[in-house]
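Student:
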Amino acid sequence: MNYTIEEYTNDSIRHLEEAWLILEKGDDMTYYQSYKWNMIIQHFTPQYKGICKLLYLLVKQGEKPLLIAPLWIIEKTFLFVNKKGAYLIGRKGWSDYLNFVYADCSNDVFKVLFDYIYSKLHLSLCCLEQIKEDTKLYAYLSQYVTLNKDCLTTCVSLMIPKGVDDYKQILSKKSRQNIRTANNRLNKDGRSIVFSFEDHPNLTICESMRQERVEVKNKFRIHSLKELIKCLKNYLKNKFIISFPVFLPFYEDKSLRFVSAYIDGELAAYFCYGLDEYHKKVVLMAVGTNNKFAKYSPGVLALYAYILNLIERKEISLLDFTRGDEKYKYSLGGVNHYIHDVSFNL
């Protein structure tokens, strides 16, 4: 088949908008492959002349767009750990899932793209991170490419049940008991809890709660000398990696929404989420809990109420807790799915 490939930079990406808005509706796509999200994260992606740059490759058949590859190109190895090669824009950042942007895409299209990266861009190394296991891209890579690395990361999601009774059957006896216990504690202490599913909380407070959660999480991550040495090695390595600057998405993406819990009028927990209307999915991003109210499990109660609301509205098919295997995700009925970090030579 006759394919052509066109190159675009971040300065000319707006010429891709029409094609992008069509392709982002593909079955494999998520909130993080949307044109809107890319326009946000590209401004946070480092570009240094002669070292690294943004490049968008559009694969077409005739006038029909088939695939857009949003690439972060490292043009020469830098500080030993930044290897010359092709990477996906958004790595090391808030994009839980990375991918090319495509709808109906055959294996021939992937092959043409990788051949172009090798022959025209003169790159042999590809590092594609956070690829969902159930996508056409990962199926192609796992079947037709010899991978140097394939690292697995656990994610969790919940298919929204048809009815409330169906959902309660999914929950374990312990989960149901924990929800009752949290509500009983609130009643016993004479406190009231209120939920909001499209809230507009004070973002400064959200940032503070988020930072507190990260510090607590990191504090309990190290349980042995081996883990301490591993963390130190990763810390030193990450000091040299050209990485996507971490930012709080709710400051940049004004369309993000919040599920919040207020106890006696004070913000007790929140979940920042993106709504993928094309695929009828919700993706959770930043979360935070006020430790003052931790014993009441306000985050779990808020998400439980939100799930019941989703069941009632029947507009959303999946609640995606995204990366991480925290206990609360399973307590609310979540099940595992996986993403892969792969690297290979062309």
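In terms of full-length UniProt numbering, the sequence shown opens at residue 1 and continues consecutively.
Cβ atoms here follow ideal geometry from the backbone N, Cα and C, with glycine treated the same way.
Computed from a predicted model, the values in this text were never measured in an experiment.
Helix, strand or coil for C151, going by three-state DSSP, please let me know.
Tutor: Within the sequence shown, the letter at position 151 stands for residue 151. DSSP places C151 in strand when its eight states are reduced to three.
Student: Going by C-alpha to C-alpha distance, which of D320, R185 and I74 sits closest to Y296?
Tutor: Translated into positions along the sequence shown, residue 296 becomes position 296. Selected option, being the one with the closest Cα: R185.
Student: Alpha helix (DSSP H) containing E252: first to last residue?
Tutor: Numbered from its first residue, the sequence shown carries residue 252 at position 252. Per DSSP, E252 belongs to the alpha helix (DSSP H) from P249 to E252.
Student: Can you tell which of E207, L98, L23 and I311 has its C-alpha closest to the C-alpha of V164?
Tutor: Locating residue 164 in the sequence shown gives position 164, where the first residue counts as 1. With distances taken between Cα atoms, V164 lies closest to I311.
Student: Under a Cβ-count criterion, where at least 16 other Cβ atoms within 10 Å of its own Cβ denotes burial, should I193 be classed as buried or exposed?
Tutor: Along the sequence shown, read from residue 1 onward, the residue named residue 193 stands at position 193. I193 is buried by the Cβ-count criterion.
Student: Tell me, please, whether the region 238-258 touches the region 199-210 by the rule of three or more beta-carbon pairs shorter than 8 Å.
Tutor: As far as the Cβ criterion goes, the region 238-258 touches the region 199-210, which means the pair count is three or higher.
Student: Could you check where the beta strand (DSSP E) with V194 kicks off and where it finishes?
Tutor: In the sequence shown, residue 194 corresponds to position 194, counting from 1. First-last of the beta strand (DSSP E) with V194: I193 to S196.
Student: Quick check: the region 106-125 against the region 334-341, are there 3 or more CB pairs under 8 Å?
Tutor: Too few Cβ pairs lie closer than 8 Å, so no.
Student: In the DSSP assignment, what residue or residues form a beta bridge with E6?
Tutor: Position 6 of the sequence shown, counted from the start, is the residue given in the question as residue 6. Its beta-bridge partners are L58.
Student: What residue from F271, I242 and G265 has the CA that sits closest to L256's CA?
Tutor: Translated into the one-based positions of the sequence shown, residue 256 becomes position 256. For the residues F271, I242 and G265, the minimum Cα distance to L256 belongs to F271.
Student: Please list, in chain order, all residues of the same chain as T153 whose beta carbon is under 8 Å from its beta carbon, the five residues on each side excluded.
Tutor: Position 153 of the sequence shown, counting from 1, holds the residue named residue 153. Cβ neighbours of T153 beyond the five flanking positions: Q130, R323, Y338, I339, H340 and D341.
Student: To the nearest angstrom, report how far apart L346 and G90 are at their CA atoms.
Tutor: Numbered from 1 along the sequence shown, position 346 holds the residue referred to as residue 346. Numbered from 1 along the sequence shown, position 90 holds the residue referred to as residue 90. Approximately 22 Å, taken between the alpha carbons.
Student: I'd like the list of long-range same chain contacts for I41, defined as Cβ closer than 7 Å, with 5 residues on each side in sequence excluded.
Tutor: Along the sequence shown, read from residue 1 onward, the residue named residue 41 stands at position 41. Correct list, in chain order: I89, G90, G93 and S95.
Student: Under a three-way DSSP split, which group does F258 fall into?
Tutor: By one-based count along the sequence shown, residue 258 stands at place 258. Three-state DSSP puts F258 in a strand.
Student: Pull up the distance between the alpha-carbon of K239 and that of P245, whole angstroms please.
Tutor: What you label residue 239 is simply residue 239 of the sequence shown in a count that begins at 1. What you label residue 245 is simply residue 245 of the sequence shown in a count that begins at 1. For K239 and P245, the distance between alpha carbons rounds to 12 Å.
Student: Classify A139 as helix, strand or coil using the three-state DSSP reduction.
Tutor: As a working note, residue 139 is residue 139 in the sequence shown. DSSP places A139 in helix when its eight states are reduced to three.
Student: Which residues does DSSP list as the beta-bridge partners of A86?
Tutor: If you number the sequence shown from 1, residue 86 lands on position 86. A86 is bridged to I73 and C126.
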